Amino acid sequence: MSGETDGAASPFDEEFLLRQAAGDRALMREVAQLFRDQLKAQMAVITGGGEAMLRYEAAHTLKGASLSIGARPLAEAARKMEAGLRRLAEGGETAGLDELLASLEAAAAECDAALAAFLARA
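So the sequence shown is numbered by UniProt numbering: it starts at 1 and just counts up by one.
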């Protein structure tokens, strides 16, 4: 896929977000901050240990929101967590959920830090 390297992918794609904001840097900053707020809220639901279906819905929402700002690594981690929570909600096993959650938490922290750094300099 073009734009990808063998190294770790960037937590979010600033150029993609700028295109999504139609070149409006003020809007780009606002979207980034709103995403950080949503990230915190969705992660609270996912990590809260509540009903599997609610956690699944939060992972699904986080996946879509991540894609909308170009946060592909976070979207992928959320996709995997979403699939695991769907299995759990449908009466499946919890095996592997801890690893998926750890991966999601790491991706969320990396994305949040990258967004914070972006907002500090934007």
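Cβ coordinates follow ideal geometry from the N, Cα and C atoms, glycine included.
Every value quoted in this text rests on a predicted model; they were computed, and no experiment measured them.
Residue i: buried (16+ other C-beta within 10 angstroms of its C-beta) or exposed?
i, result
"Arg25", "exposed"
"Gln42", "buried"
"Glu110", "buried"
"Leu101", "buried"
"Arg79", "buried"
"Leu115", "buried"
"Leu74", "buried"
Please report the distance separating the alpha-carbon of residue i from that of residue j.
i, j, result
"Ala9", "Ala113", "14 Å"
"Ala89", "Gly48", "15 Å"
"Leu85", "Gly23", "37 Å"
"Glu93", "Glu99", "13 Å"
"Arg121", "Ala108", "20 Å"
"Ala77", "Gln33", "21 Å"
"residue 124", "Glu14", "Not covered by the structure: residue 124. The range shown for the chain is 1 to 122."
"Val31", "Lys40", "14 Å"
Grab me the residues of residue i's own chain with a C-beta within less than 7 Å of its C-beta, minus the 5 sequence neighbours each way, in chain order.
i, result
"Glu82", "Tyr56, Ala59, His60, Lys63"
"Ala65", "Phe35, Gln38"
"Gly96", "Gly84"
"Ala71", "Pro11, Phe12, Cys111"
"Glu51", "none"
Can you find the residues in the same chain that come closer than 6 Å, C-beta to C-beta, to residue i, ignoring five residues on each side of it along the sequence?
i, result
"Met28", "Leu17, Leu18, Ala21"
"Met53", "Ala89"
"Ser103", "Ala77"
"Leu67", "Ala75"
Less than 7 Å between the CB of residue i and some heavy atom of the ligand NAD, yes or no?
i, result
"Ala83", "By its list of ligands, the structure shown contains no ligand whatsoever, and the ligand NAD lies outside what it can speak to."
Suppose the cutoff is 8 Å on Cβ atoms and the five residues either side in sequence are ignored; what does the same chain contact list for residue i look like?
i, result
"Arg87", "Glu93"
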